[in-house]
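Peer 1:
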Amino acid sequence: GAVVSQHPSWVICKSGTSVKIECRSLDFQATTMFWYRQFPKQSLMLMATSNEGSKATYEQGVEKDKFLINHASLTLSTLTVTSAHPEDSSFYICSARDYLQGEETQYFGPGTRLLVL
Amino acid sequence: QKEVEQNSGPLSVPEGAIASLNCTYSDRGSQSFFWYRQYSGKSPELIMSIYSNGDKEDGRFTAQLNKASQYVSLLIRDSQPSDSATYLCAVNPNGGSQGNLIFGKGTKLSVKP
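So the sequences go chain by chain: A and B. For what it's worth, my numbering labels the leading residue of the first sequence as -10, then goes sequentially. For what it's worth, my numbering labels the leading residue of the second sequence as 298, then goes sequentially.
Now the structure itself:
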């Protein structure tokens, strides 16, 4: 099956610093990747849709200047949390779109836990 | 607003029993439906996808779709303790290549030995 990796798996940073998270599709090309955030005991919330070679589409309420997304290649999308604050502490998960037996499917990366002190 | 509803549970079943997980969605035009399993502290893992009315079986898992009732379910036969997890129902309201899934809040399943 399709494999998606994320790096780092967890990160602790000081308030005010920026953190970059990488999402890679390892055995397929993904023109579209998605970034989600999940707070404890809550459901996944879509933050943005990342399209290779074009600007990301952000969901309502997500600050595009705070959560910078770059999708420069067919296998890599990055999410940069700029000037991170404690309220940004969360589980960030990416997914990539692939096609299984002709049908579109999303596969998730293992996630990145961010703790902002 | 497009919504996906699931009973949060917890749903507790004995080992070997059938676990039945249910999901309803609001957008009648939805085309693609998915079940993901999420263990505590981990990211979701795709279990099943279903696109047509009826049943789709894969091993111990059966997905059922009824578009007229806007209802999708997941049956787990011969439940094992390792099946204990939160099961997320996801719907793609746009179908085709749009890919923006809407997730339910998940149903927590506990399989007791």
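No residue lacks a Cβ here, since even glycine has one placed at the ideal position from N, Cα and C. Quick caveat, the model's predicted, so the values are computed rather than measured.
Is it true that the CB of residue 9 of chain A sits closer than 7 Å to the CB of residue 69 of chain A?
Peer 2: Cβ distance < 7 Å, so residue 69 of chain A and residue 9 of chain A count as in contact.
Peer 1: Give a yes or no on whether 7 Å exceeds the smallest Cβ distance from residue 394 of chain B to chain A.
Peer 2: Below a pLDDT of 50, predicted positions are generally treated as unreliable, and residue 394 of chain B, at 49, falls in that range; no measurement from the model is reported.
Peer 1: So, under 8 Å CB-CB, residue 351 of chain B and residue 362 of chain B are touching, yes? Tell me the CB distance rounded to an integer number of Å.
Peer 2: Yes, they are in contact, since the Cβ atoms of residue 351 of chain B and residue 362 of chain B sit about 7 Å apart, within 8 Å.
Peer 1: Can the beta-carbon of residue 78 of chain A be found closer than 7 Å to that of residue 60 of chain A?
Peer 2: No, they are not a contact pair.
Peer 1: Can you list, in chain order, the residues of the segment 350 to 369 of chain B whose Cβ is nearer than 8 Å to any Cβ on chain A?
Peer 2: For the segment 350 to 369 of chain B, which is checked against every Cβ of chain A, not one residue is closer than 8 Å.
Peer 1: Between B:331, B:372, B:410, B:407, which lies nearest to residue 97 of chain A when the distance is taken from Cα to Cα?
Peer 2: With distances taken between Cα atoms, residue 97 of chain A lies closest to B:331.
Peer 1: Looking at C-alpha atoms only, which residue of B:403, B:379, B:348 is the closest neighbour of residue 275 of chain B?
Peer 2: Since the displayed chain B opens at 298 and closes at 410, residue 275 of chain B lies outside it and no answer follows.
Peer 1: Could you please give me the residues that DSSP links to residue 352 of chain B through a beta bridge?
Peer 2: Residue 352 of chain B is bridged to B:361.
Peer 1: Near residue 316 of chain B, which residues of its chain fall below 6 Å by C-beta distance, leaving aside the five closest residues on each side in sequence?
Peer 2: Only 310, 373, 376, 406 meet the Cβ criterion.
Peer 1: How many angstroms separate the CA atom of residue 378 of chain B from the CA atom of residue 32 of chain A?
Peer 2: Approximately 23 Å between the Cα atoms of the pair.
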